[in-house]
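Engineer: For reference, the structure I am asking about is given below.
Here is the structure:
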């Protein structure tokens, strides 16, 4: 069956039907020959039995003149049939008396016809009954019939019994029967061939043309014509297949349009945002996708980034640490320690094409791609150089404010100490306190009392 699948359907069906016709013809020919052979064998067996019975009766009627000319003519006339190989009459001593072959009289029965069965000869003489037998190879028929020769009239059972033998060749009759069967078969084959031609034409119109129409429709659809439909007529299996294909093409067309719209929106998004979207293979650490915004960030095109190794996207100081960190996180993800929804946030310094560097914030997540069963790292990189500058400026201002605060607190403490010393000196001199509002705090220093 695989042999036929390699051919187009318009050739496969006729070839298959032709093969079936050949097998059917061979079977019909073999069966017809067997039936013809059986018919020939049955007919010849009956004919030989009838002919031998007549000849036996004729010879018995002419005894004791078994060598009468009438008997000789009767035996010789059987030789006119080309299928009769031999007909002979032998005496009780198994010596040939008369035969279709004039060379056989006077010879021993066994010399004249070596294939004669001694057992059948003895049985025919003993039982006084004839026998017509088909040879084992079904190519000939042998007849053994006893005949009573001249005998003493006082014998109740004649003892001098001869044999009438005939061998009939069936091959020519069977060949003629085979020829008739073959002629009849050829006529049948011609009729079957005409039927196959008609069926082939019908199949070509109803099946092959529609299949080619279906194939042409799929090719048009694959070429970009999303409106292509087969619309096959009929209600058979081919029409049902065509209807199913049309539904599939409609679904694919809708999905293709939706996918194209999503791709357009995604491309618009990735090409216009400042953040860089990328996908990295966790096993090979090779970029599988980088959005075009990377060129604005670092000066490299997406093709240049994807052609270079991961270490080229990092400074030498950060490359080794980042590689080890990614591999450790990949192992944790495969071990089930982290989920797909988990995100990592890192700050990385990356080189630019002009030789400078840029500080970036990298947000990553790990994902097992079902299409190739590989772990992918999906990330978003954004420029944080300006943010780091503002953070540094803010840190410097905070440090400066802290220094001023410390200076102001130290100055206030010194003033309070001086006021306390003046008041102490006034007490020593017996004068009134210069700063009467001063109070002593737990530290032992005088503080200015709060207003009432």
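Residue numbers (the working numbering): 122 to 573.
We put the beta carbon where it would ideally sit given N, CA and C, even for glycine.
From a predicted model like this one, the values you see are computed outputs, not experimental measurements.
Quick check on residue 472: does DSSP put it in helix, strand or coil?
Structural biologist: It is a strand residue.
Engineer: Residue 411 and residue 430 - do their beta-carbons sit closer together than 7 angstroms?
Structural biologist: It is not a contact, given that the beta carbons lie outside the stated cut-off.
Engineer: Would you call the stretch 461 to 481 and the stretch 433 to 452 touching, i.e. three or more CB-CB distances under 8 angstroms?
Structural biologist: These segments touch.
Engineer: Just mark residue 396 as buried or exposed, buried being the case when its beta carbon has 16 or more other beta carbons within 10 Å.
Structural biologist: Label assigned to residue 396: buried.
Engineer: Hey, would you say the C-beta of residue 310 is under 6 angstroms away from at least one heavy atom of the ligand SAM?
Structural biologist: Absent from the structure shown: the ligand SAM. Ligands present: none.
Engineer: Check the DSSP bridge columns for residue 467 and list the partner residues they point to.
Structural biologist: Residue 467 is bridged to 483.
Engineer: Report the partner residues of residue 290 according to the DSSP bridge assignment.
Structural biologist: The partner list for residue 290 (beta bridge, DSSP) reads 261.
Engineer: With a threshold of 16 other CB atoms inside 10 Å of the CB of residue 262, please say whether the residue is buried or exposed.
Structural biologist: Flag for residue 262 reads buried.
Engineer: If I follow the unbroken alpha helix (DSSP H) through residue 220, where does it start and stop?
Structural biologist: Note, residue 220: premise wrong, no alpha helix (DSSP H); beta strand (DSSP E) at 217 to 220.
Engineer: If I follow the unbroken beta strand (DSSP E) through residue 228, where does it start and stop?
Structural biologist: Careful: residue 228 lies outside any beta strand (DSSP E) and carries neither H nor E.
Engineer: Since residue 206 is in the beta strand (DSSP E), which residue starts that stretch and which ends it?
Structural biologist: Here the beta strand (DSSP E) through residue 206 covers 205 to 211.
Engineer: Can you name the start and end residues of the beta strand (DSSP E) that residue 502 belongs to?
Structural biologist: Residue 502 -> beta strand (DSSP E) spans 495 to 504.
Engineer: Can you tell me the Cβ-Cβ gap for residue 353 and residue 334, rounded? I've got them flagged as a contact below 8 angstroms.
Structural biologist: With 8 angstroms as the limit, residue 353 and residue 334 qualify as a contact, their Cβ atoms being about 7 angstroms apart.
Engineer: At which residues does the alpha helix (DSSP H) containing residue 239 begin and terminate?
Structural biologist: Run containing residue 239: 239 to 248, per the alpha helix (DSSP H) assignment.
Engineer: Within this structure, are the beta carbons of residue 283 and residue 238 separated by less than 7 angstroms?
Structural biologist: Not a contact, by the Cβ cut-off of 7 angstroms.
Engineer: In the DSSP assignment, what residue or residues form a beta bridge with residue 158?
Structural biologist: Bridge partners of residue 158: none, in fact.
Engineer: Which of helix, strand or coil does DSSP assign to residue 371?
Structural biologist: Helix, per DSSP.
Engineer: Can you grab the Cα-Cα spacing for the pair residue 336 / residue 479, in whole Å?
Structural biologist: Going from the Cα of residue 336 to the Cα of residue 479 covers about 56 angstroms.
Engineer: Output needed for residue 406: all residues of its chain with C-beta closer than 8 angstroms, excluding positions within five of it in sequence on either side, in chain order.
Structural biologist: Contacts found: 430, 431, 444 and 447.
Engineer: Given this structure, state the Cα-to-Cα distance separating residue 376 from residue 342, to the nearest angstrom.
Structural biologist: Cα-Cα distance, rounded: 13 angstroms.
Engineer: Within 8 angstroms, do at least three Cβ pairs link the stretch 159 to 178 to the stretch 234 to 248?
Structural biologist: Counting Cβ pairs under 8 angstroms, fewer than three are found: no touch.
Engineer: DSSP three-state label for residue 283, please.
Structural biologist: Residue state, collapsed to three classes: strand.
Engineer: Quick check on the burial criterion: 16 or more other C-beta atoms within 10 angstroms. Buried or exposed for residue 176?
Structural biologist: Classification for residue 176: buried.
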